[in-house]
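Student: Let me give you the structure first, and then I'll get to my questions.
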Amino acid sequence: MQHILKTAVVTAGLMAAAPVSAQMVGLATTTGGATEQIGLHLATVLSDHSDLVIRPQVMANSSQYIPMVNAGRVEFGIANYPQVAHAMEGIGMSEGSANPDLRMIATILPFNAGLVVPVETGIESLADLAGQAVPRFPANSLGEFFFTAAMETGGVSYDEVKPVPTSNFGEQFNNIKSGLTDVTIGSVGAQSIMDVEASRGEVRYLSFKEGDEEILSRYLPGTSLTTWGDRGEAAGVTPDTVVLFYDYTLFAHKDVPDEVVTAALEALYTSADAARAGGALWSEYDETQLARVTTLPYHPAAEAFFRERGIWTEQ
Numbered sequence: 202m203q204h205i206l207k208t209a210v211v212t213a214g215l216m217a218a219a220p221v222s223a224q225m226v227g228l229a230t231t232t233g234g235a236t237e238q239i240g241l242h243l244a245t246v247l248s249d250h251s252d253l254v255i256r257p258q259v260m261a262n263s264s265q266y267i268p269m270v271n272a273g274r275v276e277f278g279i280a281n282y283p284q285v286a287h288a289m290e291g292i293g294m295s296e297g298s299a300n301p302d303l304r305m306i307a308t309i310l311p312f313n314a315g316l317v318v319p320v321e322t323g324i325e326s327l328a329d330l331a332g333q334a335v336p337r338f339p340a341n342s343l344g345e346f347f348f349t350a351a352m353e354t355g356g357v358s359y360d361e362v363k364p365v366p367t368s369n370f371g372e373q374f375n376n377i378k379s380g381l382t383d384v385t386i387g388s389v390g391a392q393s394i395m396d397v398e399a400s401r402g403e404v405r406y407l408s409f410k411e412g413d414e415e416i417l418s419r420y421l422p423g424t425s426l427t428t429w430g431d432r433g434e435a436a437g438v439t440p441d442t443v444v445l446f447y448d449y450t451l452f453a454h455k456d457v458p459d460e461v462v463t464a465a466l467e468a469l470y471t472s473a474d475a476a477r478a479g480g481a482l483w484s485e486y487d488e489t490q491l492a493r494v495t496t497l498p499y500h501p502a503a504e505a506f507f508r509e510r511g512i513w514t515e516q
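The opening residue of the sequence shown carries number 202 in this note's numbering; numbering runs sequentially from there.
So this is what it looks like as structure tokens:
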């Protein structure tokens with residue numbers, strides 16, 4: 202954490218084109234869970250390997266800070282591809298509230314996730330969630346979309362479970378640790394799932410099945426399935442566990458100076474080993490895949506950077 206301490210106070214506005222040297226830049230992330238882990242490590246990598254000083258802006262959830270980045274109040278933010286796609290278009294999780302001034306900077310890494318239960322609950326499949334205590338996130342939130350989609354693959358709806366009002370991901374993890382709920386969203390390798398295991402004993406991911414992508418993608422665009430295989434041990438998974446994944450993205454306001462975007466991408470591209478040192482969540486980081494998904498509008502400096510290095514993909 203000592204690297205984060207050098208990120209003091211965010212600049213008063215990103216529109217002033219101060220020199221890159223020692224420029225302080227905000228990076229919005231959530232409190233608790235895998236997103237905070239990703240955000241804090243990303244801030245460390247960028248601060249240590251560029252002239253930027255990255256200050257994490259930790260907030261309750263991404264729906265709180267996406268509009269702030271769109272308004273230019275914070276330079277950078279991180280979120281999953283489905284949420285950023287919805288936010289730019291003003292649909293789904295951002296119904297009626299488009300964020301047209303967001304621009305993609307990079308697809309950082311694949312986010313492997315699923316629904317996780319303590320083994321002691323006896324829940325072995327997504328269909329078994331019927332009758333169980335399930336978090337109920339606010340309407341149009343990522344949590345609501347994720348649970349609705351995942352349960353639907355098992356033929357279960359919110360009408361068939363015991364919904365527990367849950368305001369954000371931090372509360373979700375506290376509730377399952379205390380036994381108030383029976384299931385949680387979890388990213389493979391996240392500290393939050395290790396903490397659940399420490400509180401409730403052995404945990405398991407509830408596997409998806411072939412064909413579930415069609416349902417999942419209706420709620421979470423860009424979602425695919427993957428079998429864990431031999432990618433290493435992590436709480437709750439076996440080689441046969443099937444989890445979903447989508448890209449985790451770095452995005453920015455459209456008027457972030459080109460030199461700031463370029464400096465951030467140069468650090469990500471040339472410091473892959475430092476990025477992968479962030480633990481299990483970062484184990485699949487690949488600097489050649491930073492422009493893997495280009496179906497959303499990119500910041501011009503980001504597109505120019507990727508084209509120059511020959512890794513831009515036309516989609």
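No residue lacks a Cβ here, since even glycine has one placed at the ideal position from N, Cα and C.
How about the region 265-280 and the region 430-447: do they share at least three Cβ pairs that are nearer than 8 Å?
Tutor: no
Student: Contact check, Ile-518 vs Thr-450 under 8 Å by CB: the rounded distance?
Tutor: Only positions 202 to 516 of the chain appear in the structure, and residue 518 is not among them; the question remains open.
Student: Please state if the CB of Ala-331 and the CB of Leu-381 are separated by a distance shorter than 8 Å.
Tutor: By 1-based counting over the sequence shown, the position of residue 381 is 180. By 1-based counting over the sequence shown, the position of residue 331 is 130. In this structure, Ala-331 does not lie closer than 8 Å to Leu-381 by Cβ.
Student: Within the chosen definition, does the region 450-466 reach the region 419-428 through at least 3 CB pairs nearer than 8 Å?
Tutor: With the cut-off at 8 Å, the region 450-466 and the region 419-428 do not touch.
Student: Suppose contacts are defined by Cβ-Cβ distances below 8 Å. Is Asn-262 in contact with His-454 by that definition?
Tutor: On the sequence shown, residue 262 is found 61 positions in, with the first residue counted as 1. On the sequence shown, residue 454 is found 253 positions in, with the first residue counted as 1. Not a contact, by the Cβ cut-off of 8 Å.
Student: So does the region 293-308 actually touch the region 237-254, counting three or more Cβ pairs closer than 8 Å?
Tutor: no
Student: With distances taken from CA atoms, which of Leu-343, Glu-434, Thr-308 is nearest Thr-385?
Tutor: Position 184 of the sequence shown holds residue 385. A check of alpha carbon separations from Thr-385 across Leu-343, Glu-434, Thr-308 identifies Leu-343 as the nearest.
Student: Can you name, in chain order, every residue of its own chain whose Cβ lies under 6 Å from the Cβ of Gln-373, other than the five neighbours on each side?
Tutor: As a first step, residue 373 must be located in the sequence shown, where it is residue number 172. Excluding its 5 nearest sequence neighbours in each direction, Gln-373 has C-beta neighbours in its own chain below 6 Å: Pro-336, Thr-367, Thr-385, listed in chain order.
Student: Ordered along the chain, which non-local residues of its own chain (more than five positions away) have a Cβ less than 8 Å from that of Val-365?
Tutor: As a first step, residue 365 is located in the sequence shown; it is residue number 164 there, counting from the start. Taken in chain order, the residues that qualify are Ala-334, Val-335, Pro-336, Arg-337, Asn-376, Leu-381, Thr-382.
Student: According to DSSP, is Ile-292 part of a helix, a strand, or is it coil?
Tutor: On the sequence shown, position 91 is the one that residue 292 refers to. If DSSP states are grouped into helix, strand and coil, Ile-292 belongs with coil.
Student: State buried or exposed for Gly-433, treating a residue as buried only when at least 16 other CB atoms are found within 10 Å of its CB.
Tutor: Along the sequence shown, one-based indexing puts residue 433 at 232. Classification of Gly-433: exposed, given that the 10 Å Cβ count is below 16.
Student: Given 7 Å as the limit, tell me if Trp-429 has its C-beta closer than that to any heavy atom belonging to the ligand MG.
Tutor: As far as ligands go, the structure on display features none, and thus does not contain the ligand MG.
Student: Take Gly-430 and list the residues in its own chain whose beta-carbon comes closer than 8 Å to its own, dropping the five residues that flank it on each side.
Tutor: Your numbering for residue 430 matches position 229 in the sequence shown. Excluding sequence neighbours, Gly-430 sits near Pro-440.
Student: Taking the alpha carbon of Pro-311 as the reference point, which residue from Ala-481, Asp-329, Ile-512, Glu-515 has its own alpha carbon closest?
Tutor: Here residue 311 corresponds to residue number 110 of the sequence shown, with the count starting at 1. Considering only alpha carbons, the answer is Ala-481.
Student: What's the C-alpha gap between Glu-403 and Gly-323?
Tutor: As a working mapping, residue 403 is identified with position 202 in the sequence shown. As a working mapping, residue 323 is identified with position 122 in the sequence shown. Between Glu-403 and Gly-323, the C-alpha separation is close to 11 Å.
Student: Using DSSP's beta-bridge definition, name the partner residues of Pro-257.
Tutor: Numbered from 1 along the sequence shown, position 56 holds the residue referred to as residue 257. Its beta-bridge partners are Leu-228.
Student: What is the DSSP secondary structure of Met-202, reduced to helix, strand or coil?
Tutor: As a working note, residue 202 is residue 1 in the sequence shown. Confidence at Met-202 is low in this model, with a pLDDT of 39, below 50, so its placement is unreliable and the value that follows should be read with caution. Here Met-202 sits in coil by DSSP.
Student: Closest to Leu-491 by C-alpha separation, out of Pro-498, Leu-466, His-500, would be which residue?
Tutor: In the sequence shown, the residue the question calls residue 491 occupies position 290. Nearest of Pro-498, Leu-466, His-500 to Leu-491, Cα basis: Leu-466.
Student: Identify every run of the beta strand (DSSP E) within the region 366-395, keeping only runs that are complete inside it and at least 3 residues long; order them along the chain.
Tutor: Segments of the beta strand (DSSP E) lying fully in the region 366-395: 385-388.
Student: Hey, out of Ala-464, Glu-321, Thr-308, Met-289, whose CA is closest to Glu-488's CA?
Tutor: As a first step, residue 488 must be located in the sequence shown, where it is residue number 287. The shortest C-alpha separation from Glu-488 is found at Thr-308.
Student: Got a sec, what are the start and stop residues for the alpha helix (DSSP H) Ser-264 sits in?
Tutor: By 1-based counting over the sequence shown, the position of residue 264 is 63. Residues 263-271.
Student: In chain order, what residues of the same chain lie with their CB nearer than 6 Å to the CB of Ala-435, ignoring the 5 residues before and after it?
Tutor: Here residue 435 refers to the residue found at position 234 of the sequence shown. Around Ala-435: Val-389, Gly-390, Ala-481.
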